[in-house]
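According to our numbering, the sequence shown is numbered sequentially starting from 4.
In what follows, a structure is listed as structure tokens, so that the remarks can point back to it.
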Amino acid sequence: MQTNLMEIEKTIQPRPLSLYDRLPVYESMSGREQFLCMDANEGPPADMVFLERVLMLSAAKAVRYPEYDDLKQAAGAAYGIEPEAVMPLNGADEGIRLVLQAFCQKGSRVTGSFPGFSMYPIYTQMTGADFQPIPSLITFSADINGLVAASKKADMLVLASPNNPTGQRILPLELRKLLEAAKEIPFLLDETYAAFCRQNFIPLLEQYPNLLILRTLSKAHGVPGLRCGFLLGDPALIRSLEPLRSPYNVSAIAAAAGSLILREDRAYQARCRQAVRVAQGLRVKLLEAGVQAYHTDTHFFLIQMRPGEEMEVAAWLKANGILVRIMGATLPGILRVSVTVQ
């Protein structure tokens, strides 16, 4: 395994100076507080009394630059790994960018499932690399055989489980199959939504030194505005990637609050389970009404309509105080609905 890790480390590349071309701009919408927001995949919010106490206790940290030892120890304890296997992040998105920046350059080939999180191909293009999407099956489950075949010609594999926007997870045997096929390349597994299906592939880090896993407090713990996430991996690989992390990338308040949340937020699992139950109940009601609502393993799911009809439905819902996500030209006729509260 050590030889394998050394080979993986050799593939870390300096960032090219070129090509940002015409990349889309990620824009947020103002005035969201007046809507029931079922569009952003936010998880059930943290308990406000608990969160206020956490932020009060963390506020004094703002007068100094942040330190991350305590946050790494809290994350290590929460995820069952050593602190040296943890890199704090300004949200999981930073980890996606950092890993792609580390391992990719112009001409590199990155593969992943389609549909998937929109930032995977965007961050890939920012390095000059090519993103090769492997279309999901008709049920929106991942095409594992297609991904296995593609990984043999790829320089990196990026996947999420459960996947965004489909909400479907990769089964343990399927992930093992992918890991065995992709032993010689970096494999980034995004577990942003893992808590919603009580799935945990972190123990596999000991067996696969090329595996890197993303976790975040945003969804499961209900604090997306805190911007606190983690890149988990072999300690030697994490050390190799440290120079690419921006200094003080996680604010002192976020680091202190994140430590407390990881140690004290014992109610997050119940909140996640409740959100999934409500989402499943909503999906069943839609199916009973004749609407095609796809299977999900988490708190959000996709709805199929006739192309163009999704725009009308989303506009009607917005006029009635509800926001849902229009998936756009890549998935015509599809809406994504996420449950944050009962």
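Heads up, the beta-carbon is just placed ideally off N, CA and C, and yes, glycines get one too.
Nothing here was measured: the structure is a model prediction, and the numbers come from that model.
Problem - Among Leu334, Leu338, His298 and Thr299, the one whose alpha carbon lies nearest that of alanine 317 - result: When each option's Cα is compared against that of alanine 317, the closest is Leu338.
Problem - CA nearest to the CA of aspartate 237, picked from Cys40, Ala95, Ile84 and Gln202 - result: Of the listed residues, the one whose Cα sits closest to aspartate 237 is Ile84.
Exercise for the section: Under the assumption that aspartate 146 contacts serine 139 (Cβ atoms under 8 Å), give the Cβ distance between them as a whole number of angstroms. Expected result: Their Cβ separation, rounded to whole angstroms, is 6 Å, which keeps aspartate 146 and serine 139 in contact under 8 Å.
Exercise for the section: Identify whether leucine 140 lies in helix, strand or coil by the three-state DSSP scheme. Expected result: DSSP places leucine 140 in coil when its eight states are reduced to three.
Problem - Cβ pair asparagine 44, serine 341 closer than 8 Å - result: Their beta carbons are under 8 Å apart, which means asparagine 44 touches serine 341 by this criterion.
Exercise for the section: Please confirm whether phenylalanine 233 and alanine 49 have their CB atoms less than 8 Å apart. Expected result: Cβ atoms of phenylalanine 233 and alanine 49: not closer than 8 Å.
Problem - Three or more C-beta pairs below 8 Å linking the segment 159-166 and the segment 189-199 - result: Taking 8 Å as the limit for Cβ pairs, the verdict is that the segment 189-199 does touch the segment 159-166.
Problem - Local Cβ density within 10 Å of leucine 290, reported as buried at 16 or more and exposed below that - result: Under this definition leucine 290 is an exposed residue.
Practice task
Sort out for me which residues DSSP pairs arginine 67 with in a bridge.
Solution key: Under the DSSP definition of a beta bridge, arginine 67 lacks any partner.
Problem - Backbone secondary structure at alanine 145 - three-state DSSP - result: When secondary structure is reduced to three states using DSSP, alanine 145 falls in the coil class, being assigned neither helix nor strand.
Handout entry: Through-space distance from glutamate 267 to lysine 180, alpha-carbon basis
Key = Rounded to the nearest angstrom, the two C-alpha atoms are 36 Å apart.
Practice task
Using beta-carbon positions only, say whether valine 281 and aspartate 42 come within less than 8 Å of one another.
Solution key: No. Outside cutoff.
Problem - Three-state class that DSSP yields for tyrosine 23 in the structure shown - result: Bear in mind that the predicted position of tyrosine 23 carries a pLDDT of just 42, short of 50, making it unreliable; the figure below should be weighed with that in mind. Looking at tyrosine 23 - three-state DSSP - the assignment turns out to be coil, as it is neither helix nor strand.
Problem - histidine 302 and glycine 34 closer than 8 Å at C-beta - result: Contact: no.
Exercise for the section: Reducing DSSP to helix, strand and coil, say where phenylalanine 134 ends up. Expected result: Reduced to three states, the DSSP call for phenylalanine 134 is strand.
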